[in-house]
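Protein chains: 2
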Amino acid sequence: MSRLQEALNAIAPVDAALLDKAQARLDILTKPKDSLGRLEEFARKLVGITGDIRPRITRKVIFTFAADHGVAEEGVSAFPKEVTRQMVLNFLNGGAGINVLARHAGAEVKVIDIGVDYEFDGKGTDGLLKRKVIRGTRNIRKGPAMTRQEAIDCIETGIALAQEYAEEGAIFGTGEMGIANTTPSSAMIAAFSGADVESVTGRGTGIDDAAFKRKVKVIEDALTVNRPDPADPLDVLSKVGGAEIAGIAGLVIGATARRVPVVVDGFISTAGALVAYELNPLVRDYVFASHNSVEKGHRVMLERMGLRPFVDLDLRLGEGTGAAIAISLVEAAVRIYNEMATFADAGVSGNNA
Amino acid sequence: MSRLQEALNAIAPVDAALLDKAQARLDILTKPKDSLGRLEEFARKLVGITGDIRPRITRKVIFTFAADHGVAEEGVSAFPKEVTRQMVLNFLNGGAGINVLARHAGAEVKVIDIGVDYEFDGKGTDGLLKRKVIRGTRNIRKGPAMTRQEAIDCIETGIALAQEYAEEGAIFGTGEMGIANTTPSSAMIAAFSGADVESVTGRGTGIDDAAFKRKVKVIEDALTVNRPDPADPLDVLSKVGGAEIAGIAGLVIGATARRVPVVVDGFISTAGALVAYELNPLVRDYVFASHNSVEKGHRVMLERMGLRPFVDLDLRLGEGTGAAIAISLVEAAVRIYNEMATFADAGVSGNNA
Numbered sequence: 001m002s003r004l005q006e007a008l009n010a011i012a013p014v015d016a017a018l019l020d021k022a023q024a025r026l027d028i029l030t031k032p033k034d035s036l037g038r039l040e041e042f043a044r045k046l047v048g049i050t051g052d053i054r055p056r057i058t059r060k061v062i063f064t065f066a067a068d069h070g071v072a073e074e075g076v077s078a079f080p081k082e083v084t085r086q087m088v089l090n091f092l093n094g095g096a097g098i099n100v101l102a103r104h105a106g107a108e109v110k111v112i113d114i115g116v117d118y119e120f121d122g123k124g125t126d127g128l129l130k131r132k133v134i135r136g137t138r139n140i141r142k143g144p145a146m147t148r149q150e151a152i153d154c155i156e157t158g159i160a161l162a163q164e165y166a167e168e169g170a171i172f173g174t175g176e177m178g179i180a181n182t183t184p185s186s187a188m189i190a191a192f193s194g195a196d197v198e199s200v201t202g203r204g205t206g207i208d209d210a211a212f213k214r215k216v217k218v219i220e221d222a223l224t225v226n227r228p229d230p231a232d233p234l235d236v237l238s239k240v241g242g243a244e245i246a247g248i249a250g251l252v253i254g255a256t257a258r259r260v261p262v263v264v265d266g267f268i269s270t271a272g273a274l275v276a277y278e279l280n281p282l283v284r285d286y287v288f289a290s291h292n293s294v295e296k297g298h299r300v301m302l303e304r305m306g307l308r309p310f311v312d313l314d315l316r317l318g319e320g321t322g323a324a325i326a327i328s329l330v331e332a333a334v335r336i337y338n339e340m341a342t343f344a345d346a347g348v349s350g351n352n353a
Numbered sequence: 354m355s356r357l358q359e360a361l362n363a364i365a366p367v368d369a370a371l372l373d374k375a376q377a378r379l380d381i382l383t384k385p386k387d388s389l390g391r392l393e394e395f396a397r398k399l400v401g402i403t404g405d406i407r408p409r410i411t412r413k414v415i416f417t418f419a420a421d422h423g424v425a426e427e428g429v430s431a432f433p434k435e436v437t438r439q440m441v442l443n444f445l446n447g448g449a450g451i452n453v454l455a456r457h458a459g460a461e462v463k464v465i466d467i468g469v470d471y472e473f474d475g476k477g478t479d480g481l482l483k484r485k486v487i488r489g490t491r492n493i494r495k496g497p498a499m500t501r502q503e504a505i506d507c508i509e510t511g512i513a514l515a516q517e518y519a520e521e522g523a524i525f526g527t528g529e530m531g532i533a534n535t536t537p538s539s540a541m542i543a544a545f546s547g548a549d550v551e552s553v554t555g556r557g558t559g560i561d562d563a564a565f566k567r568k569v570k571v572i573e574d575a576l577t578v579n580r581p582d583p584a585d586p587l588d589v590l591s592k593v594g595g596a597e598i599a600g601i602a603g604l605v606i607g608a609t610a611r612r613v614p615v616v617v618d619g620f621i622s623t624a625g626a627l628v629a630y631e632l633n634p635l636v637r638d639y640v641f642a643s644h645n646s647v648e649k650g651h652r653v654m655l656e657r658m659g660l661r662p663f664v665d666l667d668l669r670l671g672e673g674t675g676a677a678i679a680i681s682l683v684e685a686a687v688r689i690y691n692e693m694a695t696f697a698d699a700g701v702s703g704n705n706a
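Set out below in structure tokens:
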């Protein structure tokens, strides 16, 4: 059995009986019932995921997968393709947005070359996780992004990372870097949902009207040329996806199989999580949506999975920046659950009702 | 001149020229332009507030003002009045929601008795800031909550605290505890805005339908009996407000006068900030709205001030819990601004455009 099939088979529903026990604890803490809203939901969810009635978060790891995209040659991005590799070096050097926000959240950042069209070696590449499967995808306007086997290899790279870092108290975040990667993400949600391309396509790093029209046309062409089968998630992923998106799908599957919670970043990361969900819908109970991206297709993906984001900061950077912020909020929820006094301990009168 | 008048006179507009300089710095950081959304807005705002092109946050202080409300005797809350004093002891003991979330944000919590109907002394009251102005307000259904002078004394208590804790690198958060205090908050926004009472009244700590109807009637009666003048913020505050709300108004005024940013918690805190705003609209440029409370009147207040919240967690606990979460996000924004690499430093190619 393949590593992918093995991980998918290992995914189990969360422990529903423990959810009630978690709620019972939340209800004796010194606050009006349900008054901490989604923080209470997150605490319950953590209990269900870990199967531990008193879960702790002791290690926060954000995985930022980097890969190139052949479709960049169509002029769908505001930035040139070499920015992917340049930003990888910036990540390793600690100067990017994700580095700052991860430091603020007390999280580690692991940078993975899963598909960059560049050979990293020597100076400044210490710390890079070298797991290259392909040197960039092929141009989806002209044919499939990758073979089905390449897509599976990328997913299994993500699964292997999840297995390597899974431990009690761990929480993962997802992130990515790949110039042009909102284009495959929009193509994927259009393929899965059947939605009109323009309704799920945004301006990525900030393209103008002409480039936006071109981007919509490129995605429409990619769908016409490749005819991805929405009932076959690996077909969609390999034909119009990307290596980093596949790596994220694998990370989500691997984490879920090991009962490690995963906080998913924005639009592109959610495309990865969506592939995992289409392969096994149980993953949604292990996943936290983080922020509400300004990319239009993001909402369609989240609605499809029944996930509701909770950070509303108009972010559209990617890298894992939204996940870094959200991980700290999930941690806050667990601390509320573990550290607040009960009515009895604090000598506080309960609800009149 | 009174301390209040002096502080109001000291409020100056933020430094608009510095905002452009801050934007220029944000635009050379290694990210697509504007891609960190509201985090960039917060960084600019901090620069304008402090007048420092490289502001830092070195001290985070949340002020939780506690007071009782005569209107509690009308049965408008799900909790008995003694919970106010019990929760003050819980705050001092570190077991409440605000304590946990402030620890998570690295913030101090200062608990102020500004109007609790109880004499705190002896065991367990170390650390309490004893600034009692009144032993609870009077029942607003029957007459004014307090005299105009009592309201001014409460405001000046808040101003004095702001002056005491103002220092370079400081950021303040507001919070409160006072059983029944959503009732005066709804009364205040109804008075200022002229809105229908039911449209700005919520369920507070979680009352049932019958209690909700009673609460609306109590507020309508309070407005009829007191006839607060919406053009006179001190009239509204003293007739249908509360001591902790007045303290928060003072904290906001005092902070603004000293160019210290203030992160405002939910519904009740925003009622305090609103009084400050009605006295001098410039305060809005020094204030960060934190979360979007489930209390209906909150949105009306924020729209009146032109503030947009950024944490969407369905919170309705108060105490400063939303401010604690939001302070950490404002700090994240400042770190982004100070710590990210520039395109030139990181050797990353810029936007094609």
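Respectively, the protein sequence lines represent chains A and B. Following the numbering used here, the numbering of the first sequence begins with 1 at its first residue and continues without gaps. Following the numbering used here, the numbering of the second sequence begins with 354 at its first residue and continues without gaps. Ideal Cβ placement from N, Cα and C applies to all residues, glycine included.
Checklist line | Distance, A:Met1 Cα to B:Ala642 Cα | finding: The count along the second sequence starts at 1 and reaches residue 642 of chain B at position 289. The count along the first sequence starts at 1 and reaches residue 1 of chain A at position 1. Going by C-alpha positions, B:Ala642 is about 53 Å away from A:Met1.
Checklist line | Contact set between B:Lys566 and chain A, taken where Cβ atoms lie within less than 7 Å | finding: Taking the first residue of the second sequence as position 1, residue 566 of chain B is located at position 213. Per Cβ cutoff of 7 Å: no residues; B:Lys566 is ~16 Å from chain A at best.
Note to self: Please classify B:Ala563 as buried or exposed, where buried requires at least 16 neighbouring CB atoms within 10 angstroms.
What the structure shows: One-based indexing of the second sequence puts residue 563 of chain B at position 210. Counting C-beta atoms within 10 angstroms of its own C-beta, B:Ala563 has fewer than 16 neighbours from the protein chains shown and is therefore classed as exposed.
Item checked: Contact set for B:Arg488: own chain, Cβ-Cβ below 6 Å, skip 5 residues either direction -> The residue given as residue 488 of chain B occupies position 135 in the second sequence. These residues qualify, in order along the chain: Asp470.
Next item on the list: Please check if any C-beta of chain A sits within less than 9 Å of the C-beta of B:Arg409.
Entry: Taking the first residue of the second sequence as 1, we reach residue 409 of chain B at position 56. With 9 Å as the cut-off, B:Arg409 does not count as an interface residue toward chain A.
Check: Going by the CB atoms, is the gap between B:Thr536 and B:Val578 shorter than 9 Å?
Finding: Locating residue 578 of chain B in the second sequence gives position 225, where the first residue counts as 1. Locating residue 536 of chain B in the second sequence gives position 183, where the first residue counts as 1. B:Thr536 is positioned such that its CB atom lies no closer than 9 Å to that of B:Val578.
Next item on the list: Confirm, please, whether the CB-CB distance from B:Gly531 to B:Asp421 is below 9 Å.
Entry: Taking the second sequence and counting its residues from 1, one reaches residue 421 of chain B at position 68. Taking the second sequence and counting its residues from 1, one reaches residue 531 of chain B at position 178. Yes, these two residues count as a Cβ contact at 9 Å.
Notebook entry, point to check: A:Ile159 lies in the alpha helix (DSSP H); which residues open and close that run?
Noted result: Position 159 of the first sequence holds residue 159 of chain A. A:Ile159 -> alpha helix (DSSP H) spans 148-165.
Notebook entry, point to check: Which two residues bound the contiguous alpha helix (DSSP H) that contains B:Ala420?
Noted result: On the second sequence, residue 420 of chain B is found 67 positions in, with the first residue counted as 1. Here B:Ala420 belongs to no alpha helix (DSSP H); instead the beta strand (DSSP E) covers 412-420.
Checklist line | Residue-level contact to chain B via CB, A:Thr205, 9 Å cutoff | finding: Indexing the first sequence from 1 puts residue 205 of chain A at position 205. Chain B contact via Cβ: present.
Next item on the list: Check whether the Cβ of A:His104 lies closer than 9 Å to any Cβ atom in chain B.
Entry: Walking along the first sequence from the start, residue 104 of chain A turns up at place 104. Yes, because at least one Cβ of chain B sits closer than 9 Å to the Cβ of A:His104.
Notebook entry, point to check: Counting Cβ pairs closer than 8 Å, one from the segment 634-652 of chain B and one from the segment 411-425 of chain B, do we hit at least three?
Noted result: Verdict: no, contact absent.
Check: Between A:Pro261 and chain B, is there a C-beta pair that is closer than 9 Å?
Finding: In the first sequence, residue 261 of chain A corresponds to position 261, counting from 1. Not one chain B Cβ lies under 9 Å of A:Pro261.
Notebook entry, point to check: Considering only residues of the segment 608-652 of chain B, which uninterrupted beta strand (DSSP E) runs meet the minimum length of 3 residues and lie entirely inside it, listed in chain order?
Noted result: Within the segment 608-652 of chain B, the runs of beta strand (DSSP E) that reach at least 3 residues and sit entirely inside it are, in chain order, 615-617, 640-642.
Next item on the list: Starting from the C-beta of B:Lys374, find all residues in its chain whose C-beta is less than 8 Å away, skip the five residues before and the five after it, and write them out in chain order.
Entry: Locating residue 374 of chain B in the second sequence gives position 21, counting from the first residue. Taking C-beta separations shorter than 8 Å and ignoring five residues to either side along the sequence, the partners of B:Lys374 in its chain run Val400, Ile406, following chain order.
Item checked: Contacts of B:Gln708 in chain A (Cβ-Cβ under 7 Å) -> Residue 708 of chain B lies beyond the residue range present for chain B, which begins at 354 and ends at 706; the question has no answer from this structure.
Notebook entry, point to check: Could one say the Cβ of B:Ile621 lies closer than 9 Å to chain A's Cβ atoms, at least one of them?
Noted result: Within the second sequence, residue 621 of chain B is the residue found at index 268, counting from 1. False, the Cβ-Cβ gap to chain A never drops below 9 Å.
Margin query: So the candidates are A:Asn90, A:Ile140, A:Phe212, A:Ser193; which of them puts its Cα closest to the Cα of A:Val76?
Written below: Against the first sequence, residue 76 of chain A aligns to sequence position 76. Nearest C-alpha to A:Val76 among A:Asn90, A:Ile140, A:Phe212, A:Ser193: A:Phe212.
Checklist line | Residues within the segment 425-458 of chain B neighbouring chain A, beta-carbon criterion of under 9 Å | finding: Answer in chain order: Gly428, Ser430, Ala431, Phe432, Pro433, Glu435, Val436, Gln439, Met440, Leu442, Asn443, Asn446, Gly447, Gly448, Ala449, Gly450, Asn452, Val453, Leu454, Arg456, His457, Ala458.
Notebook entry, point to check: Can you pull the DSSP bridge partners for A:Asp113?
Noted result: Walking along the first sequence from the start, residue 113 of chain A turns up at place 113. Note: A:Asp113 sits in a beta bridge opposite A:Ala66, A:Lys130.
Check: Going by beta carbon distance, what residues of the same chain come within less than 8 Å of B:Val664, once the five residues before and after it are set aside?
Finding: Here residue 664 of chain B corresponds to residue number 311 of the second sequence, with the count starting at 1. Result list for B:Val664: Ser643, His644, Asn645, Gly675, Ile678, Ala679, Leu682, in chain order.
Next item on the list: Rank A:Thr84, A:Arg316, A:Pro55 by C-alpha distance to the C-alpha of A:Arg259 and give the top, closest one.
Entry: Stepping through the first sequence from its first residue, residue 259 of chain A is reached at position 259. Among A:Thr84, A:Arg316, A:Pro55, the Cα nearest to that of A:Arg259 belongs to A:Pro55.
Next item on the list: Check A:Glu6 in the structure and name its three-state DSSP category.
Entry: In the first sequence, counting from the first residue as 1, residue 6 of chain A sits at position 6. Helix at A:Glu6.
Next item on the list: Out of A:Gly115, A:Ala162, A:Lys130, state which residue places its alpha-carbon closest to the alpha-carbon of A:Ala145.
Entry: Translated into positions along the first sequence, residue 145 of chain A becomes position 145. Distance from the Cα of A:Ala145 is smallest, within the candidate group A:Gly115, A:Ala162, A:Lys130, for A:Gly115.
Check: Exposed or buried, which one is A:Ala174 when buried takes at least 16 other CB atoms within 10 Å?
Finding: Along the first sequence, read from residue 1 onward, the residue named residue 174 of chain A stands at position 174. Note that residue 174 of chain A is Thr in the sequence shown, not Ala. Counting Cβ neighbours within 10 Å, A:Thr174 comes out buried, since at least 16 surround it.
Notebook entry, point to check: Between A:Phe79 and A:Met305, what straight-line distance do the alpha-carbon atoms span, to the nearest angstrom?
Noted result: Here residue 79 of chain A refers to the residue found at position 79 when the first sequence is read from its first residue. Here residue 305 of chain A refers to the residue found at position 305 when the first sequence is read from its first residue. Approximately 31 Å between the Cα atoms of the pair.
Note to self: So, for A:Ala187: in the same chain, excluding its five sequence neighbours on each side, which residues have a beta-carbon less than 7 Å away from its beta-carbon?
What the structure shows: Taking the first residue of the first sequence as 1, we reach residue 187 of chain A at position 187. So the qualifying residues of the chain are Ile140, Ile219, Ala222, Leu223, Val240.
Notebook entry, point to check: From A:Asn338 to A:Ile49, what does the alpha carbon distance come to, in whole angstroms?
Noted result: Counted from its first residue, the first sequence places residue 338 of chain A at position 338. Counted from its first residue, the first sequence places residue 49 of chain A at position 49. Separation of A:Asn338 and A:Ile49 (C-alpha to C-alpha, rounded to the nearest whole angstrom) is 16 Å.
Margin query: So that I know if they touch, is there some Cβ in chain A lying closer than 9 Å to that of B:Ala706?
Written below: Here residue 706 of chain B is taken as the residue at index 353 of the second sequence, counted from 1. For B:Ala706, the predicted model reports a pLDDT of 43, less than 50, meaning its position is unreliable and no value from the coordinates is stated.
Check: Got a sec? Which residues, its chain only, sit under 6 Å from A:Ala166 by beta carbon, not counting five neighbours each side?
Finding: Counting from 1 along the first sequence, the entry for residue 166 of chain A is found at position 166. Hits under 6 Å: Arg258, Val260.
Note to self: Taking the straight line between their C-alpha atoms, what separation do you get for A:Asn9 and A:Tyr286?
What the structure shows: The residue given as residue 9 of chain A occupies position 9 in the first sequence. The residue given as residue 286 of chain A occupies position 286 in the first sequence. About 15 Å.
Next item on the list: Could you tell me whether the Cβ of A:Phe65 comes closer than 9 Å to any Cβ of chain B?
Entry: Counting from one through the first sequence, the residue named residue 65 of chain A turns up at place 65. Against chain B, the CB of A:Phe65 has no partner CB under 9 Å away; the residue lies outside that interface.
Note to self: For A:Asp196 and B:Tyr630, I'd like the C-alpha separation in whole angstroms.
What the structure shows: Along the first sequence, read from residue 1 onward, the residue named residue 196 of chain A stands at position 196. Along the second sequence, read from residue 1 onward, the residue named residue 630 of chain B stands at position 277. A:Asp196 and B:Tyr630: Cα-Cα distance of roughly 46 Å.
Check: For B:Ala365, is the classification buried or exposed, using 16 other Cβ atoms within 10 angstroms of its Cβ as the cut-off for buried?
Finding: Counting from one through the second sequence, the residue named residue 365 of chain B turns up at place 12. By the neighbour-count criterion, in which 16 or more other beta carbons inside 10 Å mark a residue as buried, B:Ala365 falls on the exposed side.
Notebook entry, point to check: Short check: CB of B:Leu635 to CB of B:Thr609, under 9 Å?
Noted result: Working through the second sequence from its first residue, we reach residue 635 of chain B at position 282. Working through the second sequence from its first residue, we reach residue 609 of chain B at position 256. Yes, Cβ-Cβ distance for B:Leu635 and B:Thr609 is below 9 Å.
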